[in-house]
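Take a look at the structure below.
There are 2 protein chains.
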Amino acid sequence: MTVNRDEILNALVADNLVSDPNGARGRLLREAARLFRDKGYERTTVRDLAAAVGIQSGSLFHHFRTKEEILKAVMVETVRLNTALMRAAADAADTSRARLRAMILAELESIVGQTGEAMAVLVFEWRSLSDAPREEVLALRDIYEQLWLDVLEALKAEGAIEADPFIVRRMLTGALSWTVTWYRPDGGLGLEDLVDQVMAMMRLASR
Amino acid sequence: MTVNRDEILNALVADNLVSDPNGARGRLLREAARLFRDKGYERTTVRDLAAAVGIQSGSLFHHFRTKEEILKAVMVETVRLNTALMRAAADAADTSRARLRAMILAELESIVGQTGEAMAVLVFEWRSLSDAPREEVLALRDIYEQLWLDVLEALKAEGAIEADPFIVRRMLTGALSWTVTWYRPDGGLGLEDLVDQVMAMMRLASR
DNA sequence: CAATACCAAGCAAGCGCTTGGTTTGTAAAC
DNA sequence: GTTTACAAACCAAGCGCTTGCTTGGTATTG
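Quick mapping for you: the protein sequence lines, in order, are chains A and B.
Anchor point for the first sequence: position 182 equals 182 in UniProt numbering, and the numbering is continuous, going up by one each time.
Anchor point for the second sequence: position 84 equals 84 in UniProt numbering, and the numbering is continuous, going up by one each time.
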């Protein structure tokens, strides 16, 4: 990887697209992501959220107008960050096959790494968003998805994959995001190994 | 398929392992599954559940002691039914490859078919179950999962797949259950086509 | 001396669930 | 073949609690 995670994050923070993780807002969003993943959005109360950052529940509404706005912010910022990370990962590879591998690794890193809580929220809590904000998040996600479709279409053109790129991506989305429910980085299986397994499953091995 | 769905269902009903879909309890569980999938368990109130079957909210507690017990019943009965269906699908095929194909088809049929609501609940709402009932459901699910591991291990031994069977199954779980979020049977893509795509993705085609 | 960040207190609404009593289905007793 | 008995199914009402959010005021900071 030529561009590292922190550089990308800082650039987004500078553009006000993502909250500074060290600021009050950023800290709250991180705790919110953790709570939303662990207990679900509905089971998490504003009192839980407030306690997690050490303030009174009413004080939350100085930073966010509603509880739902917190959920939306978690999702929006997560998509933005991951789109940037994914683009960087894709750009750094020079063959389609290497590009797919890099993207799978990047997505798994997001899922099991620091933004894992937020990624899980993105996967499991979209139903808790009401229509308008959901559409907003989905629109952002489309940009992210297009990065995947580009590389999968290239692989299809090369004959490296046989199935429809669109469907392959949807299957990959499910397969990779499902790892949040079972993969533990401290187990015997490293992240790179896991990527190898995914590539092997699609018979695209050759690390 | 030599054994059809209704036969299997009736056998389970006769053994009291699954509620009669026409009975009061069965109807409630079906409506509960639909509501839980559409709005999530937490957002679904006992008043919603009662209204869906046309009774007062208090009357629910004549059939179930708590709201959580309804969720558990939905999950338990769904796993039981699908284990039976999956076993039948597996037994009817004679090669490992055909068996995997039959099982993928069976799982997709469960996901997009009549029990689809309940399957989605099983996937997305496990976090809403408290510890003890969750362990119970997971224990039942292990039986179901073993059916998959058996056929994947056979395929591995035959050299038809390259990756670890355990990991392949987890990837398949994610990929297939994720279809609930996007696949619509009335679109251009039929279920058999979708299975073909999955097999093609694993380079196991040859319908 | 504003503006920002927070606290203490509490309100209105909605939640799961309980209660006491009525209707309905079923089958034995007469 | 009507009556009696009784449990299962349900209703109407509401209790106690938690929820998201508001309000009016007080520190803190540049």
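Using N, Cα and C, we set each Cβ at its ideal position, and we do this for glycine too.
Original post:
Quick one, which of Ser19/A, Glu31/A and Gly23/A has its alpha-carbon nearest Gly116/A's?
Top reply: Glu31/A
Original post:
In chain order, what residues of the same chain lie with their CB nearer than 6 Å to the CB of Gly26/A, ignoring the 5 residues before and after it?
Top reply: Ser19 and Asp20
**OP:** Determine, using beta-carbon pairs with one atom in the region 88–102 of chain A and one in the region 50–60 of chain A, whether at least three such pairs fall under 8 Å.
**Re:** no
**OP:** Tell me, please, whether the region 183–195 of chain A touches the region 132–146 of chain A by the rule of three or more beta-carbon pairs shorter than 8 Å.
**Re:** no
**OP:** Return no unless some Cβ of chain A is closer than 9 Å to the Cβ of Arg207/B.
**Re:** Note that Arg207/B scores 49 on pLDDT, short of 50, meaning its location in the model is unreliable and no value can be drawn from it.
**OP:** Report the three-state DSSP secondary structure of Ser96/B (helix, strand or coil).
**Re:** helix
**OP:** Output the distance between the C-alpha atoms of Asp91/B and Pro165/A, rounded to the nearest integer angstrom.
**Re:** 32 Å
Original post:
The alpha helix (DSSP H) spanning Phe36/B covers which residue range?
Top reply: Ala24 to Lys39
Original post:
Do Ser128/B and Glu42/B have their C-beta atoms within less than 9 Å of each other?
Top reply: yes
**OP:** Specify the secondary structure class of Arg43/B as computed by DSSP and reduced to three states.
**Re:** coil
Original post:
Is the CB-CB distance between Met202/B and Val168/B below 9 Å?
Top reply: yes
**OP:** Using the Cα positions of Leu152/B and Gly159/B, report the straight-line distance between them to the nearest angstrom.
**Re:** 11 Å
Subject >> Selected residue, minimal CA-CA separation from Leu108/A, among Gln197/A, Leu12/A and Asp38/A >> reply: Gln197/A
Original post:
Are Glu69/A and Leu17/A close, meaning C-beta to C-beta below 9 Å?
Top reply: no
Original post:
What separation, rounded to the nearest whole angstrom, lies between the Cα atoms of Met171/B and Arg34/B?
Top reply: 26 Å
**OP:** Say whether chain A places a C-beta atom closer than 9 Å to the C-beta of Trp182/B.
**Re:** yes
Original post:
Any Cβ of chain A within less than 9 Å of the Cβ of Ala163/B?
Top reply: yes
Original post:
Is the Cβ of Ala139/B closer than 9 Å to any Cβ of chain A?
Top reply: no
Subject >> Host alpha helix (DSSP H) of Trp178/A (start-end) >> reply: Pro165 to Trp178
Subject >> Contact check, Ala73/B vs Ala11/B, beta carbons under 9 Å >> reply: no
Original post:
With 16 other CB atoms within 10 Å as the buried threshold, where does Asn4/A fall?
Top reply: exposed
Subject >> Status (buried if at least 16 other CB within 10 Å, exposed otherwise) for Arg37/A >> reply: buried
Original post:
Does the distance from the CB of Trp148/B to the CB of Met86/B come in under 9 Å?
Top reply: yes
Original post:
Residues of chain B with a CB under 9 Å from the CB of Tyr136/A: which are they?
Top reply: Note that residue 136/A corresponds to Glu in the displayed sequence, not to Tyr. Within 9 Å Cβ-Cβ: nothing; Glu136/A doesn't reach chain B, min ~18 Å.
**OP:** Buried or exposed for Asn22/A, please, with buried defined as at least 16 other CB atoms from any protein chain shown within 10 angstroms of its CB.
**Re:** exposed
**OP:** For Glu42/A, decide whether its Cβ has a neighbour in chain B, counting only Cβ atoms nearer than 9 Å.
**Re:** yes
Subject >> Identity of the residue in Tyr144/B, Glu145/B, Ile143/B and Leu122/B nearest Arg134/B by Cα >> reply: Leu122/B
Original post:
Whole-angstrom Cβ separation of Leu60/B and Ala50/B, contact assumed at under 8 Å?
Top reply: 5 Å
Subject >> Straight-line gap, Lys156/B to Ala163/B (C-alpha atoms, nearest Å) >> reply: 8 Å
Original post:
Going along the chain, which residues of its own chain have a beta-carbon closer than 7 Å to the beta-carbon of Ala106/B, five neighbours each way excluded?
Top reply: Leu85, Met86 and Ala89
Subject >> Neighbourhood of Ser110/B by C-beta distance below 6 Å, restricted to the same chain and skipping five residues each side >> reply: Asn82 and Met119
Original post:
Mind pulling the chain B residues with CB within less than 9 Å of Val198/A?
Top reply: Ala163, Ile167 and Met171
**OP:** Could you check how far apart the C-beta atoms of Gly174/A and Gly174/B are, in whole angstroms? I think they sit under 8 Å.
**Re:** 4 Å
Original post:
Quick one, which of Lys67/B, Thr181/B, Val13/B and Glu7/B has its alpha-carbon nearest Ser130/B's?
Top reply: Lys67/B
Original post:
Would a C-beta distance cut-off of 9 Å place Val46/B and Tyr144/B closer than the cut-off?
Top reply: no
**OP:** Helix, strand or coil for Gly58/A, going by three-state DSSP, please let me know.
**Re:** helix
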